[in-house]
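Trainee: What follows is a structure written as structure tokens; I'll ask about it next.
Number of protein chains: 4
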Amino acid sequence: MKRKTKTPSLIHRTTCKVRFSEVDIMNIAWHGSYVKYLEDGREDFGNRFGIGYMDIYHAGYKAPVVDLKIEYKKAVGIGDTILVETRYVHTEAAKIYFDYIVYNEEGEIVITAYTIQVFLDGKDQLVLQNPEFYTEWKKKWNII
Amino acid sequence: MKRKTKTPSLIHRTTCKVRFSEVDIMNIAWHGSYVKYLEDGREDFGNRFGIGYMDIYHAGYKAPVVDLKIEYKKAVGIGDTILVETRYVHTEAAKIYFDYIVYNEEGEIVITAYTIQVFLDGKDQLVLQNPEFYTEWKKKWNII
Amino acid sequence: MKRKTKTPSLIHRTTCKVRFSEVDIMNIAWHGSYVKYLEDGREDFGNRFGIGYMDIYHAGYKAPVVDLKIEYKKAVGIGDTILVETRYVHTEAAKIYFDYIVYNEEGEIVITAYTIQVFLDGKDQLVLQNPEFYTEWKKKWNII
Amino acid sequence: MKRKTKTPSLIHRTTCKVRFSEVDIMNIAWHGSYVKYLEDGREDFGNRFGIGYMDIYHAGYKAPVVDLKIEYKKAVGIGDTILVETRYVHTEAAKIYFDYIVYNEEGEIVITAYTIQVFLDGKDQLVLQNPEFYTEWKKKWNII
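This is the structure in structure tokens:
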């Protein structure tokens with residue numbers, strides 16, 4: 056008998072390099088720089104799984120970030136390579152929820168984070184029901 | 056009889072203007088731009104009340120942000136003036152905790168946020184006890 | 056007899072504060088941060104004299120920067136206030152040319168710079184003749 | 056007879072991806088974003104040829120950018136991959152001179168640029184003679 060399995064996790068991993076301009080006076084990546092690294096991770100995820108900014112836009116929606124949380128564990132410096140692990144988290148609501156873990160080159164956790172996005176329609180009105188394209192996208196990737 | 060009053064709130068208000076370069080493709084302030092506006096607010100608070108980056112640095116410490124949370128309520132666009140209200144929140148722990156509310160020109164809430172900072176000593180080691188300068192600072196402002 | 060006078064200079068002065076996030080590892084404003092300060096100056100100029108991004112946009116054009124030159128003379132650090140002096144430079148060509156001088160609090164020159172913008176029409180095509188709104192704008196301010 | 060040959064060119068090529076946060080309201084890479092792409096190119100060059108920020112720092116010097124010039128030819132948008140070609144240009148003066156050409160995916164020129172850096176010693180004084188480490192570096196790479 057085929058056992059019903061847990062929703063599979065969609066995960067994507069992106070590497071970024073900490074730029075000179077992203078480091079602060081303490082010689083560590085400025086805490087605001089991570090918002091970009093998360094966005095890099097999210098966009099890479101989106102490009103791979105067909106839920107990027109442009110996919111959403113062409114479906115007639117925008118998906119602004121409405122919630123952002125970052126916990127900083129370790130510092131990274133100039134030229135360090137970091138790995139952004141972006142994981143899609145299923146929710147029934149008309150939202151896109153991502154969890155992130157950023158690792159340094161030694162595999163230690165640098166930050167953990169999440170973002171929540173909502174959908175705005177063509178008139179910039181908040182959408183309370185899941186847009187059809189999003190429901191289709193979930194089906195395609197077997198997210199239930 | 057003099058009644059013991061609740062710890063007074065230290066609050067500072069800073070105005071910022073949304074720059075062209077801070078707006079994203081949706082013509083609204085990019086969600087990562089707010090990390091700068093919060094930092095502007097925090098630094099202004101610090102300059103006014105004597106707990107800015109340089110005050111902390113000269114006392115022998117650094118105070119990196121270890122926790123950041125932003126909830127986005129309304130969008131603002133190019134040239135909009137926003138008001139960052141930075142409020143010090145008392146905690147017993149060796150941490151600096153700030154609450155923020157950012158308002159638009161109509162007085163509507165744009166975002167709410169908080170940051171938590173810890174103290175690192177001269178050897179970049181986490182400090183678990185409140186540094187003396189910080190205890191003195193709290194006394195000075197009657198924060199108990 | 057009315058003597059023909061030299062074209063008057065349109066100048067606007069804007070103050071900016073160097074942000075924590077704009078300083079690099081050398082504890083001076085990162086050289087790329089000045090692109091923002093110049094943009095602040097240019098937009099302030101535009102708002103005052105009616106040639107801002109939105110004025111141009113509503114006239115049916117965009118005016119991207121096609122040439123940027125900055126010479127760095129002195130460094131500024133965190134919290135320093137700088138004065139951006141933006142000066143309109145007349146040219147016959149269908150271009151917007153600005154000269155900039157940025158001063159520190161002591162009145163010393165921090166950088167000198169210029170930018171050149173061209174006009175794109177509604178189809179993003181380069182406009183070789185001065186757009187009518189721009190000719191009108193020049194007349195209004197007695198720029199000949 | 057051995058003919059004296061022209062100084063060989065040291066060139067390095069770096070690919071960058073245009074980030075969501077680097078695009079402006081016109082849906083093209085903000086003109087200030089290129090300062091970062093150039094810095095990416097320069098640092099990659101430096102890492103490959105041993106003349107990066109940290110190499111210079113460990114030799115006891117800093118090398119701030121004192122001159123920056125960018126000419127914009129074509130626009131690039133979100134997610135576009137660009138190629139930064141960084142070319143070392145020999146000069147007798149105590150300066151580091153780089154020429155840059157940035158290409159889009161079709162091999163068209165997006166921008167051309169140059170930067171000039173000078174040397175500051177441990178006391179942040181301008182160095183007028185070539186530092187020894189720099190002369191050695193030039194010898195090593197046969198730059199005469």
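Chains as they are written, first to last, in our numbering: chain G, 56 to 199; chain X, 56 to 199; chain L, 56 to 199; chain W, 56 to 199.
Just so you know, even glycine gets a beta-carbon here, dropped at the ideal spot from N, CA and C.
What does aspartate 46(G) pair with, by DSSP beta-bridge criteria?
Mentor: What is shown of chain G runs 56 to 199, which leaves residue 46(G) out entirely.
Trainee: Tell me, please, whether the CB atom of isoleucine 137(W) is closer than 8 Å to any CB atom in chain X?
Mentor: Cβ-Cβ to chain X under 8 Å: no for isoleucine 137(W).
Trainee: Just list the alpha helix (DSSP H) runs in the segment 79-154 of chain L, keeping only unbroken ones of 4 residues or longer that don't cross its boundaries, in chain order.
Mentor: If we require 4 residues or more, the alpha helix (DSSP H) runs fully inside the segment 79-154 of chain L come out as 88-104, 108-113.
Trainee: Here's the rule: buried if 16 or more other CB atoms are within 10 angstroms of the residue's CB, otherwise exposed. What is tyrosine 112(L)?
Mentor: Tyrosine 112(L) is exposed by the Cβ-count criterion.
Trainee: Using the beta-carbon of each residue, which ones in chain L are nearer than 8 Å to isoleucine 151(W)?
Mentor: Within chain L, no residue comes near isoleucine 151(W); the closest Cβ sits about 13 Å away, beyond 8 Å.
Trainee: Rounded to a whole number of angstroms, what is the C-alpha to C-alpha distance between phenylalanine 161(G) and glycine 87(L)?
Mentor: Residue identity check: residue 161(G) is glutamate in the sequence provided, not phenylalanine. Straight-line Cα distance between these residues: approximately 31 Å.
Trainee: In terms of alpha-carbon separation, which member of Tyr158(G), Leu65(G), Ile133(G), Asp110(G) lies closest to tyrosine 189(G)?
Mentor: Closest option to tyrosine 189(G), Cα to Cα, is Asp110(G).
Trainee: Closer than 8 Å, CB to CB, is glutamate 94(W) near chain G or not?
Mentor: So, interface residue.
Trainee: Give the single residue among Tyr155(L), Ile156(L), Thr69(L), Ala149(L) whose Cα lies nearest to the Cα of alanine 118(L).
Mentor: The option with the nearest alpha carbon to alanine 118(L) is Ala149(L).
Trainee: Which residues in the same chain have their Cβ closer than 6 Å to the Cβ of glycine 101(G), if we skip the five residues on either side of it in sequence?
Mentor: Once the five neighbours on either side are set aside, the close Cβ partners of glycine 101(G) are Gly107.
Trainee: Identify the continuous beta strand (DSSP E) that holds lysine 194(G) and give its terminal residues.
Mentor: Element bounds for lysine 194(G): not the beta strand (DSSP E) but the alpha helix (DSSP H), 187-195.
Trainee: Comparing the C-beta of tryptophan 196(W) with each C-beta of chain X, is any distance below 8 Å?
Mentor: For tryptophan 196(W), the answer is no, since every Cβ of chain X falls outside 8 Å of its Cβ.
Trainee: Residues in the same chain with beta-carbon distance under 8 Å from valine 182(G), minus the five sequence neighbours each way, listed in chain order, please.
Mentor: Hits under 8 Å: Tyr116, Ala149, Val173, Phe174, Leu175, Asp176.
Trainee: Do you know whose CA, among Val90(G), Tyr89(G), Phe75(G), lies nearest isoleucine 83(L)'s CA?
Mentor: Out of Val90(G), Tyr89(G), Phe75(G), Phe75(G) has the C-alpha closest to the C-alpha of isoleucine 83(L).
Trainee: Does the Cβ of threonine 141(L) have 16 or more other Cβ atoms within 10 Å, making it buried, or fewer, making it exposed?
Mentor: Its Cβ being crowded by 16 or more others within 10 Å, threonine 141(L) is buried.
Trainee: Is any beta-carbon of chain X found at less than 8 Å from that of proline 186(G)?
Mentor: Answer no: the Cβ-Cβ gap between proline 186(G) and chain X never drops below 8 Å.
Trainee: Using the Cα positions of lysine 180(X) and lysine 129(G), report the straight-line distance between them to the nearest angstrom.
Mentor: Reading off the sequence, residue 180(X) comes out as glutamine, not lysine. The straight-line gap from Cα to Cα measures roughly 12 Å.
Trainee: Rounding to the nearest angstrom, what Cα-Cα distance links lysine 59(G) and asparagine 197(G) in this structure?
Mentor: Any reading at lysine 59(G) needs caution, since the residue's pLDDT is 49, under 50, leaving its predicted position unreliable; the model's value is listed next. Between lysine 59(G) and asparagine 197(G), the C-alpha separation is close to 12 Å.
Trainee: Comparing the C-beta of tyrosine 143(W) with each C-beta of chain G, is any distance below 8 Å?
Mentor: Not one chain G Cβ lies under 8 Å of tyrosine 143(W).
Trainee: My assumption, with CB atoms under 8 Å, is that tyrosine 92(G) sits in contact with isoleucine 133(G). Please give the rounded CB distance.
Mentor: Not really, about 14 Å apart at Cβ, beyond 8 Å.
Trainee: So, arginine 144(L) versus tyrosine 152(L), is the Cβ gap smaller than 8 Å?
Mentor: As written in the sequence, residue 144(L) is valine, which differs from the arginine given in the question. Closer than 8 Å, so yes.
Trainee: Closer than 9 Å, Cβ to Cβ, to anything on chain G: give me those residues from the segment 68-80 of chain W, in chain order.
Mentor: Answer in chain order: Lys72, Arg74, Phe75, Ser76, Glu77.
Trainee: To the nearest angstrom, how far is the alpha carbon of glutamine 184(L) from that of aspartate 95(L)?
Mentor: If you take the alpha carbons of glutamine 184(L) and aspartate 95(L), they lie about 27 Å apart.
Trainee: In the DSSP assignment, find the beta strand (DSSP E) that holds arginine 68(G) and state where it starts and stops.
Mentor: Its beta strand (DSSP E) spans residues 66-72.
Trainee: Would you mind working out which of Val78(L), Ile125(L), Asp99(L), Lys124(L) sits nearest arginine 68(L), comparing C-alpha positions?
Mentor: Taking only the C-alpha atoms, the option nearest arginine 68(L) is Asp99(L).
Trainee: Within 10 Å of its beta-carbon, does isoleucine 199(X) have 16 or more other beta-carbons around it, so buried, or fewer, so exposed?
Mentor: Classification for isoleucine 199(X): exposed.
Trainee: In chain X, which residues lie with their C-beta within 8 Å of the C-beta of isoleucine 133(W)?
Mentor: Neighbours of isoleucine 133(W) on chain X, chain order: Ile80.
Trainee: Is any beta-carbon of chain G found at less than 8 Å from that of glutamate 98(W)?
Mentor: Yes, its Cβ sits closer than 8 Å to a Cβ of chain G.
Trainee: Rounding to the nearest angstrom, what Cα-Cα distance links cysteine 237(G) and glutamate 163(G) in this structure?
Mentor: The structure shown does not extend to residue 237(G), since chain G spans only 56 to 199, so no value can be given for it.
Trainee: Step through the CB atoms of chain L and report whether any lies within less than 8 Å of the CB of tyrosine 108(X).
Mentor: Cβ-Cβ to chain L under 8 Å: yes for tyrosine 108(X).
Trainee: Output, in chain order, the set of chain W residues within a Cβ distance shorter than 7 Å of lysine 91(G).
Mentor: Ordered by position in chain W, the residues that pass the 7 Å Cβ test against lysine 91(G) are Arg74, Ser76.
Trainee: Beta-carbon within less than 7 Å of isoleucine 166(W)'s beta-carbon, same chain only, minus the 5 sequence neighbours each way: which residues are those?
Mentor: Same-chain partners within the cutoff: Tyr89, Ile125, Glu126, Tyr127, Lys128, Val157.
Trainee: Closest by CA to lysine 202(L), which one among Val78(L), Asp135(L), Gly105(L), Asn159(L)?
Mentor: Nothing in the structure corresponds to residue 202(L), since chain L is present only between 56 and 199.
Trainee: Residues of chain X with a CB under 8 Å from the CB of lysine 193(G): which are they?
Mentor: Ordered by position in chain X, no residue passes the 8 Å Cβ test against lysine 193(G), which lies about 24 Å from the chain.
Trainee: Please classify glutamate 77(G) as buried or exposed, where buried requires at least 16 other C-beta atoms within 10 Å of its C-beta.
Mentor: With 16 or more other Cβ atoms within 10 Å, it is buried.
Trainee: If the cut is a Cβ gap below 9 Å, which residues of chain G does histidine 86(X) touch?
Mentor: Chain G residues near histidine 86(X): Val90, Glu94, Pro119, Val120, Val121, Leu123, Thr170.
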